[in-house]
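K.L.:
The structure that follows is given in the form of C-alpha cells.
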Amino acid sequence: MMVITKRYPWRLGATSCVLPADIMTNVRQLAPLVDDVQLLFFESAAKSRMPQPLHVQVLRGFAEEHSLTYTAHLPTDLALGAANRAQRQEGIGEILRLMAQLAPLAPLSFDLHLVREPDLPEAAWLDNLAASLRELAEALGDEKRLVGVENIEYPFGLVAHLVAEHGFGICLDLGHLVHYDHDLGEGLAMLPRARHLHYHGVRDGKDHQGLHDAEQAGMLGQRLAQVGYDGVVTLEMYSLEKLKASLALLDIAWQPFVGK
Numbered sequence: 023m024m025v026i027t028k029r030y031p032w033r034l035g036a037t038s039c040v041l042p043a044d045i046m047t048n049v050r051q052l053a054p055l056v057d058d059v060q061l062l063f064f065e066s067a068a069k070s071r072m073p074q075p076l077h078v079q080v081l082r083g084f085a086e087e088h089s090l091t092y093t094a095h096l097p098t099d100l101a102l103g104a105a106n107r108a109q110r111q112e113g114i115g116e117i118l119r120l121m122a123q124l125a126p127l128a129p130l131s132f133d134l135h136l137v138r139e140p141d142l143p144e145a146a147w148l149d150n151l152a153a154s155l156r157e158l159a160e161a162l163g164d165e166k167r168l169v170g171v172e173n174i175e176y177p178f179g180l181v182a183h184l185v186a187e188h189g190f191g192i193c194l195d196l197g198h199l200v201h202y203d204h205d206l207g208e209g210l211a212m213l214p215r216a217r218h219l220h221y222h223g224v225r226d227g228k229d230h231q232g233l234h235d236a237e238q239a240g241m242l243g244q245r246l247a248q249v250g251y252d253g254v255v256t257l258e259m260y261s262l263e264k265l266k267a268s269l270a271l272l273d274i275a276w277q278p279f280v281g282k
C-alpha cells in the first residue's frame with residue numbers, strides 16, 4: 023500500500039476495521055500509512071458479544087511514533103431518544119465512559135449516531151433526544167465540542183437545531199448523503215462546521231464501498247480547499263482491498279492539493 027501520510031492540507035484516515043482482526047492489529051498495520059485511525063466501536067461494552075482488547079498506552083505509543091491521530095466512532099446501539107429513561111441513561115453513561123477511557127489519545131472527534139426510534143412519534147423522539155443531549159452536554163462541559171453528530175438515514179435537519187443548541191459538532195458523512203438520496207449541496211454546505219468527514223462509495227445500493235468516482239473526488243477536494251478544511255477525512259470502508267483502491271483513486275484526483 024502507498025504511504026499517504028501528510029500529503030494533503032487535511033488528515034486522511036482509515037477505519038480500525040480493514041483487516042479481519044482486532045483494533046490493535048488494525049492500528050499497528052495502518053499507523054505507518056495514514057494520518058488518522060478511526061477507532062470503531064459497533065457495540066457498547068455491555069452488549070458486545072466479542073469484546074476487543076484496547077491497550078490505550080500502546081495506541082498512544084503508535085501515535086507518538088508515527089505522528090498519528092485518532093478519531094472514535096461511538097457505538098451505534100445507543101438509544102438517546104428511547105422512551106425508557108433507563109435506556110437513555112445507559113447510552114449517556116457509555117459515551118462518558120468511552121470518552122474518558124480514550125482521553126489519553128486526545129481523539130479529534132467522537133462520532134455519534136442519534137438513532138431514530140421507529141416505535142415513537144417523531145415529536146416524542148425529539149423531546150427525548152433533547153433531554154439526553156442536554157444532560158450529556160452538561161456532563162461534558164467544553165468537551166462536548168468533540169462529539170460530532172453524524173448524518174444518517176433521516177434528513178439531518180430533523181436534529182440540526184438540537185445539535186447547535188447544545189453545542190455539539192457535526193460529523194458529515196458524504197456516503198450517507200448519496201446512499202439515502204439526500205441533498206449533496208446542502209450536506210456540503212455543512213463542511214465549515216464539520217469536525218470530521220466520512221467518505222466512501224455507494225455501489226448497487228450498498229454503502230461503505232470503495233471510491234470509484236474520480237470526478238466526485240476532485241469536486242470534494244476543491245470544496246475542502248475552498249473552506250480551508252484541516253480536519254480528518256476518513257475513508258470509511260471495511261476491507262483492505264477497498265481501502266487500497268480508494269487511496270489509488272485519491273492519489274490521482276487530489277494531485278492539485280498535494281503539499282498545499
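For the sequence shown, our numbering begins at 23 and goes up steadily by one. Glycine is no exception: its CB is placed at the ideal position from the N, C-alpha and C atoms.
On the DSSP bridge assignment, give the partners of Val171 in chain order.
P.N.:
Answer is Leu134, Ile192, bridged to Val171.
K.L.:
Can you tell me the Cα-Cα spacing of Met24 and Thr93, whole angstroms?
P.N.:
The predicted model places Met24 with a pLDDT of 45, which falls under 50 and marks its position as unreliable, so this point remains unresolved.
K.L.:
When you compare only the Cα positions, how much space is there between Asp164 and Leu158?
P.N.:
Asp164 and Leu158: Cα-Cα distance of roughly 11 angstroms.
K.L.:
My understanding is that Val80 touches Met121, with C-beta atoms under 8 angstroms, so please give their C-beta distance in whole angstroms.
P.N.:
Not quite, the Cβ-Cβ distance comes to about 19 angstroms (not below 8 angstroms), so this is no contact.
K.L.:
The beta strand (DSSP E) with Gln60 in it runs from where to where?
P.N.:
Here the beta strand (DSSP E) through Gln60 covers 58-62.
K.L.:
What number of angstroms, rounded off, separates the C-alpha of Gly232 from the C-alpha of Gln109?
P.N.:
Looking at the two C-alpha atoms, the distance is approximately 35 angstroms.
K.L.:
Mapping the DSSP letters down to three states, classify Arg33 as helix, strand or coil.
P.N.:
In the structure shown, Arg33 sits in a strand (DSSP, three-state: E or B).
K.L.:
DSSP three-state call for His218: helix, strand or coil?
P.N.:
His218 falls in the strand class under three-state DSSP.
K.L.:
Rounded to whole angstroms, how far is the Cβ of Arg33 from the Cβ of Gly253, which I believe are closer than 8 angstroms?
P.N.:
The pair is a contact, with the Cβ atoms about 7 angstroms apart (cut-off 8 angstroms).
K.L.:
Roughly how many whole angstroms lie between the Cα atoms of Ala146 and Val56?
P.N.:
Ala146 and Val56: Cα-Cα distance of roughly 42 angstroms.
K.L.:
Could you say which of Ser89, Ala182, Tyr251, Pro140 lies nearest to Leu52 if we only look at CA atoms?
P.N.:
It is Ser89.
K.L.:
Which one of Met241, Val249, Leu262 has the shortest CA to CA distance from Gln5?
P.N.:
Since the first residue of the chain shown is 23 and the last is 282, residue 5 is not available in this structure.
K.L.:
Are Val169 and Leu134 touching if we call contact CB-CB under 8 angstroms?
P.N.:
Closer than 8 angstroms, so yes.
K.L.:
Run through DSSP, which three-state label would Val255 get?
P.N.:
If DSSP states are grouped into helix, strand and coil, Val255 belongs with the strands.
K.L.:
Skipping 5 residues on each side, what residues in its chain have a beta carbon closer than 8 angstroms to that of Arg215?
P.N.:
Around Arg215: Gly191, Ile192.
K.L.:
Between Phe84 and Val49, what straight-line distance do the alpha-carbon atoms span, to the nearest angstrom?
P.N.:
Roughly 8 angstroms separates the two Cα atoms.
K.L.:
Which value, in whole angstroms, describes the spacing of the CA atoms of Lys166 and Ser66?
P.N.:
In a straight line, the C-alpha of Lys166 is about 19 angstroms away from that of Ser66.
K.L.:
For the alpha helix (DSSP H) that Val280 lies in, which residues bound it at each end?
P.N.:
Note, Val280: premise wrong, no alpha helix (DSSP H); not H, not E.
K.L.:
Would you mind sorting Lys264 into buried or exposed? The rule is 16 or more other CB atoms within 10 Å of its CB.
P.N.:
By the neighbour-count rule (16 or more Cβ atoms within 10 Å), Lys264 is buried.
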